[in-house]
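Asker: Please see the structure below; I have some questions.
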Amino acid sequence: MTHFLWVEDFKASETNRDENIVSSTVKLVFGSYLDEKELRERLHEEDEYDAQEFLKEKGILLKLNLLEALAFIRNPDELSKIDFVVLDVDMPLCRDGQNDDGNYLHSLIEQYESADELRKIAGYQIYTELVMELGFPKAHILFCSNHASYFDKLKGKFKSANIKLPLSSNPDKPFLTKDDDADIKKWLNDAHRDYFVLRRGIIEGCLELKKLKAKLRFDKFSKDDKKPALLDADDYLDVLENFLPLREPGNKASLYKLFIRTLAHEWEESVEPKKIDDDQTTLAFSWIMKMSRNWMAHNSTAIFNNLTEQDIAYLFICNMRAIFDLGIEVKGYEKNLFLLFNKSEESETFKASELIVKEKRIPLVKHYVSYFNEKTKRIQVHNILHDLQSDKAKLKAKGDDFFITGLYHSFWFLTSEHDDKKDKAVENNRNPNQVYISRHYTFYCFDYAQSEFLLKFSSHIYSRSFTPEKS
Amino acid sequence: MKKSLVERKIERQRIDEQNHRNVQLVMDRAGQLKSKEELDKWNFDLSSAVDNQIRFIFETNKDRLEYQTLINIEAETIEAKLIEENKEAADLDAIFNLGKSYISENNGKKDEGLRLCKLAAKRGLISPLIFLSNYYENIDKEQSLLYEHKAHDQVNLNKEYIELINNKCVLSADDFYQELKVLAAENCKNALHDIECRFIEITEQNKEQAFKWYTDLHEANYTSGTYKLAQMYSDGYAIDKCLSNRSVLIQPDGSVIETIDRIENIEEKRLLKNAIEKCFHRKNNISVFSYELIFSLIKWLEGKKNPSSLDLTALGQIYLYLSENEINKTENLNKSFLCFYKAGNSSQQFQLGQYYSALLSLDNSIHINDEEKIFINEWMESWIEKPLHKDGTRLDKSSFSTKITDKIIFFAHSFSLEIKNIHLEEAKKNLEEKSKELNNLIAMFAHNFLGTLQCIRSNAEYENNPNIHLKTVKMMGGALIAFSILSADDDKLVEQLKQDNVGETSLQQSLANNLALAISQLLGKTNKDKIINLYLQRLSKTKQIKIETTSEELRENKDYRKKWQALQHQWEDEFYALFSEKADLPELQQWITDNFFPIEIIGLDSCNISFKEYGITDSIFLIVFMEIFVNAFKYMDASKNEPLRLKLCEEDQCYKLVCENPSSQETGRGTHKGMDFLKTIAKKLKGHFITESTKSSFKVTFAIPSELLK
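Chains as they are written, first to last, in this note's numbering: chain A, 1 to 471; chain B, 1001 to 1710.
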């Protein structure tokens, strides 16, 4: 979920505001992104502070005046919480009685010659500070005002300062009004591109996991019980948290590959996949990470050449679920990363997947057959995959997607128990020169609905794992 | 008695001619010299001729060969001989001329030449002093000035001159004049010839005689003479033939009068112009010799009781030149401007003065007031519109300095542009003010209508009471008319207010209605933050929140916020039930006191002001009261437990409506649009609107002429 800073005053200085000024403004700007019913219920008092609370839950940090906005952007810890900014043009400088401890306003009023002049184009001040001083990407900032009253003044200000006009989703309109709903929607859609959802999910994940260091259990994967594997969780999470830049890079694929290398790096020789506390999923997750690390280390890095945001999210979740004991509930960051698989859990695709998962109709047999027919010496899917990647000719022939999909399949096959029986040979009565050698490989389908996390996780990755194109 | 100067001059001329002939002989011989022996011999002959002749050797300087040979003579030999024999000034002339030739020949003997010139100058000879002053002019200004001053002193210290002045009473006027002229010719030589200030001393009772002398001096190119002659024309002792012009005036009764119009004194103008320009002939500085004349000119022109346009223009020109020469630059520039301006503004409509003052007004250092600017602009415009005289020229170029005239022509247009720009700026400013006024009007209009529309909407949503609908619609209609009159016609507004003095509504009722309207507007859920201080006060009083709770806590704490929202609903419902249909002032006052703060209303019950319901007066009060009340409630400091005071009184033929409330805020009162608009309304009514803010209170006074309400 992308995070926003939204600076909006809801026409605070006017006495005759519309009765529904707060809810209607929120709907006009972020309506495409919020649940309408929930919005109506939460904002029925038309209270800005109710809106602040409600929107915060949705990753939209609402600031009601210039002072609030300046205090936010000038604090690096706060600024790191957001990816995109929506700015009103004119706004009150502060509320009556609001403390300006940093003495932010005084010098600005002097600079703009009067408080009224500053008020009219306060958005300009926030914009220039963000872009010029804090290096915030200008494509991540949208001017969106209730009215176009000060657009000309704003334009003049940009011109006199010799600064290029801001960008919006409409090349002809650097500043949008709340009525430009199509343009706003387009801009918001851009802001919700997978890269930004992934980046924010990882940052939130690292922040959340830093608070859960008591649940760290990486040492248990050590091959030698006497030498527990060491992991500096703070450092490890810091690196991952700051890995993806705020500006979407042009060469995402190579960055993603590096990210996975960093993520999987700890799964080295001294650790091995294990079924800790008799948990099958832990085994699966640790195997998936071990395989990733091995492939990366054994010169099969081409497998990771074309990773998508989904793949990164998948491996990140698997990894963290392996090294932390995160329980049965879905973590906040996981919810956000799941959005990369299904935009909404209300969607038909998701519901269909969830039903299959609940009814244990996973097409394990069909997929196993194709793996088995690869005729490597081994039986289990993750081992077959390993053998295939070791054979450079096959690795090349199969292509990277085969192996990445294989990592998804590994989750299913490693969790579903199986019984392997090799039957005796049987004569072919019709052809005396032939015998049948039959093999019985039975799956005992795992209960993927046993916890909230497992149900959501497996339902979300189901399509990616078994859609016809991918299989 | 000593030989007279005239006699001495004749004698000197005779000697000079004799010497010249002798020198010519030596030169002829020098031209024939072939060997070193012969040259030595010639040198010998020459040294014997030096005593009286050498001065002329240099002066003749006709033959290149002779000259070249001659300058090889050792200067020291000549100098030593001259000093030893203690020769007269004539010999100093020889030294000076030799030095001068060394310098001008540029043959490596420049230093030697300078030494000789300085030697001559040291002995008090004026010519080398002037020469050295000129020589140093571009090399060392200070030196140059020093020599110039020395020369000037030398002229004034001239014994013969002092003697002549002392003997003036025993000499005939003509002798005095002649002696003075000879002395001038003697002492001034070429360098000082043009500015010979001692001629200013000449005063002759016989004006005919004086005119003759001054004409003589003027023709001999003495600037002082030119000045004195101009003075004579100016004072009327000399008559300019071109002075008058005949014209015919037809009287209203049809009779014809022949008049003589003074058009312009051409001769006087020409002479003055000439004198002034000579005084300032140097490019970079003014000769010390010119000063005396310049200050005589200033003294004379400034001393005139009724200076003519020409006098003023001449004076303006002198001040301008002084300013251009960096002498009291700004002061003289301003003096110059005033002179030209007076000349231009005189009844004679002196064109040059007009143009030149216009030209000077372009200079930023001129202090020019608006009245002057307007005059100048009119002149410039009339000149540009009617650019040609009968003779086809814009200006009579012969009338004054061509330098000035050219400048005027060049700058006239730029001045005109400048003035046009000023006008444009003024027009722009006016437009901006009008536009601001209009914006305020539109903002207020929108503000007012949105408020009343909100009433209709609330009524429709809750009770749908037709009486409230009707009342609000009537209110809107009245306001609509008021706004249309406010935006168009001030006289009509005043007229209609005067006429609207009978009706069913009293000012007290209007106040009650508008007070109720303002409160009902502020009690809406979207306005609750605007009167957060009132909510905070009430919630704390009813112990729903802690007494020390701040407004920020009320906003941020979810539980507190819920209580705040509940109180808003309670107040809104209660107020609507009590006052939506009719606002009774005592009842309203009580409700405000019970829920908000105490309120005092003074002087409204005793006034006898009535008008039509929803008429122009009622509507104007709707706008005024609403703005005042909404502001007072927004900024009311309820924690002080002091009342909001509303007072009406009649003072200075005005009804004054005063609203004063305790307030802890001095600044941050929003955009001031509403307040500006009330100022505009007050202005249109020929009343006034004043706001006064202190640390603890805020007071507004809206004054309206009593005649409009009676």
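Quick reminder that beta carbons are idealized off the backbone N, C-alpha and C, glycines included.
1. Restricting to Cα atoms, I'd like to know which of A/Gly-327, A/Gly-332, A/Arg-464, A/Lys-58 is closest to A/Glu-204.
2. Quick check on the burial criterion: 16 or more other C-beta atoms within 10 angstroms. Buried or exposed for B/Ile-1263?
3. For chain A, find out if any of its Cβ atoms is closer than 9 Å to the Cβ of B/Val-1630; answer yes or no.
4. To the nearest angstrom, how far is the alpha carbon of B/Glu-1331 from that of A/Ser-114?
5. Would you say A/Glu-68 faces chain B, with C-beta separation under 9 Å as the test?
6. What does B/Thr-1472 reach in chain A if we use C-beta pairs closer than 9 Å?
7. Compare the C-alpha of B/Gly-1603 against each of B/Asn-1421, B/Asn-1459, B/Ser-1506 and name the closest.
8. When the Cα atoms are used, what is the spatial distance from B/Lys-1699 to A/Ala-148?
9. Taking C-alpha atoms, which residue in A/Asn-294, A/Ile-437, A/Tyr-195, A/Asn-319 lies nearest to A/Asp-387?
10. How many angstroms separate the CA atom of A/Val-89 from the CA atom of A/Ala-352?
11. Please classify A/Ala-449: does DSSP put it in a helix, a strand, or coil?
12. With a cut-off of 9 Å, does the C-beta of A/Asp-18 fall near any C-beta of chain B?
13. When we look at the beta-carbon of B/Asn-1527 and count the other beta-carbons within 10 Å, is it buried (16 or more) or exposed?
14. By a C-beta neighbour count over all protein chains shown, 10 Å radius and 16 as the cutoff for buried, is A/Asp-9 buried or exposed?
15. Roughly how many angstroms separate the alpha carbons of A/Ile-312 and A/Cys-318, rounded to a whole number?
16. What residue does the beta strand (DSSP E) around A/Trp-505 start on, and which one ends it?
17. Please work out which residues of its chain come closer than 6 Å, Cβ to Cβ, to A/Leu-339, disregarding the five sequence neighbours upstream and downstream, and give them in chain order.
18. Taking the C-alpha atoms as reference points, what is the distance between A/Lys-211 and B/Leu-1678?
19. Extract the residue ranges of the alpha helix (DSSP H) inside the region 1597-1682 of chain B, only unbroken runs of 4 or more that lie entirely within it.
20. Could you give the uninterrupted runs of the alpha helix (DSSP H) lying entirely in the region 280-343 of chain A, keeping only those of 4 residues or more?
21. Drop a sphere of 10 angstroms on the beta-carbon of B/Leu-1497, count the other beta-carbons inside from all chains shown, and report buried for 16 or more, exposed for fewer.
22. In this structure, does DSSP put B/Ser-1697 in helix, strand or coil?
23. Taking only the alpha-carbon atoms, compute the straight-line gap between A/Phe-443 and A/Val-365 and give it to the nearest angstrom.
24. Would B/Ala-1275 pass as a contact of B/Leu-1301 if the rule is Cβ separation under 9 Å?
25. Under 9 Å, CB to CB, which of the residues in the region 297-323 of chain A have a partner in chain B?
26. Check whether the Cβ of B/Asn-1514 lies closer than 9 Å to any Cβ atom in chain A.
27. For chain B, find out if any of its Cβ atoms is closer than 9 Å to the Cβ of A/Gln-472; answer yes or no.
28. Looking at the structure shown, is B/Glu-1331 part of a helix, part of a strand, or coil, going by DSSP?
29. When the distance is taken between beta carbons, is A/Thr-15 closer than 9 Å to B/His-1447?
30. Report yes or no: do the region 1628-1648 of chain B and the region 1566-1573 of chain B share at least 3 C-beta pairs separated by less than 8 Å?
31. Which of the three DSSP states, helix, strand or coil, is assigned to A/His-147?
32. Please classify A/Tyr-436 as buried or exposed, where buried requires at least 16 neighbouring CB atoms within 10 angstroms.
33. Tell me which residues share the same chain as B/Glu-1707 and place their Cβ nearer than 8 Å to its Cβ, disregarding the 5 neighbours each side in the sequence.
34. Taking 9 Å as the cut-off, decide whether the C-beta atoms of A/Ala-302 and A/Glu-268 are in contact.
35. Work out the CA separation of A/Leu-5 and B/Leu-1622 for me, nearest whole Å.
36. Quick check on DSSP: helix, strand or coil for B/Asn-1052?
Answerer: Result, derived from the coordinates:
1. Minimum Cα distance to A/Glu-204 is reached at A/Gly-332.
2. Low per-residue confidence applies at B/Ile-1263: pLDDT is 48, beneath 50, and the placement is therefore not dependable, though the value from the model is reported in the following sentence. It counts as exposed.
3. Interface residue, yes.
4. Roughly 38 Å separates the two Cα atoms.
5. A/Glu-68 has a beta carbon lying at 9 Å or more from every beta carbon in chain B.
6. Ordered by position in chain A, no residue passes the 9 Å Cβ test against B/Thr-1472, which lies about 14 Å from the chain.
7. That would be B/Ser-1506, whose Cα lies nearest to the Cα of B/Gly-1603.
8. Roughly 35 Å separates the two Cα atoms.
9. A/Asp-387 has its Cα closest to that of A/Asn-294, out of A/Asn-294, A/Ile-437, A/Tyr-195, A/Asn-319.
10. Looking at the two C-alpha atoms, the distance is approximately 45 Å.
11. Coil.
12. So yes, A/Asp-18 belongs to the interface.
13. Buried, because 16 or more other Cβ atoms sit within 10 Å of the Cβ of B/Asn-1527.
14. Under the 10 Å beta carbon count, A/Asp-9 is surrounded by 16 or more other beta carbons and is classified as buried.
15. If you draw a straight line from the Cα of A/Ile-312 to the Cα of A/Cys-318, it is about 10 Å long.
16. This structure cannot settle anything about residue 505 of chain A, because the visible part of chain A is limited to 1 through 471.
17. Once the five neighbours on either side are set aside, the close Cβ partners of A/Leu-339 are Val-197.
18. Cα to Cα, the separation comes out at about 59 Å.
19. Here the runs fully enclosed are 1616-1635.
20. Runs of the alpha helix (DSSP H) inside the region 280-343 of chain A: 280-297, 309-323, 332-338.
21. Burial call: buried.
22. When DSSP states are grouped into helix, strand and coil, B/Ser-1697 belongs to the strand group.
23. If you take the alpha carbons of A/Phe-443 and A/Val-365, they lie about 8 Å apart.
24. No; because the gap between Cβ atoms is not below 9 Å, this pair is not in contact.
25. Taking 9 Å as the Cβ-Cβ cut-off against chain B, none of the residues of the region 297-323 of chain A qualify.
26. B/Asn-1514 does not count as touching chain A.
27. Because chain A in this structure spans residues 1 to 471, residue 472 of chain A falls outside the shown range and cannot be described.
28. Three-state result, B/Glu-1331: helix.
29. Yes; because the gap between Cβ atoms is below 9 Å, this pair is in contact.
30. The way I'd put it, the region 1628-1648 of chain B doesn't touch the region 1566-1573 of chain B; fewer than three beta-carbon pairs between them come closer than 8 Å.
31. Residue state for A/His-147 is assigned as coil, using DSSP reduced to three classes.
32. By the neighbour-count rule (16 or more Cβ atoms within 10 Å), A/Tyr-436 is not buried but exposed.
33. Answer for B/Glu-1707: Lys-1498, Gln-1653, listed in chain order.
34. The Cβ-Cβ distance between A/Ala-302 and A/Glu-268 does not fall below 9 Å.
35. Their Cα atoms are separated by approximately 41 Å.
36. Reliability of the predicted coordinates at B/Asn-1052 is poor, the pLDDT of 41 falling under 50, and the value obtained from them is presented with this limitation in mind. In this structure, B/Asn-1052 counts as helix in the three-state DSSP scheme.
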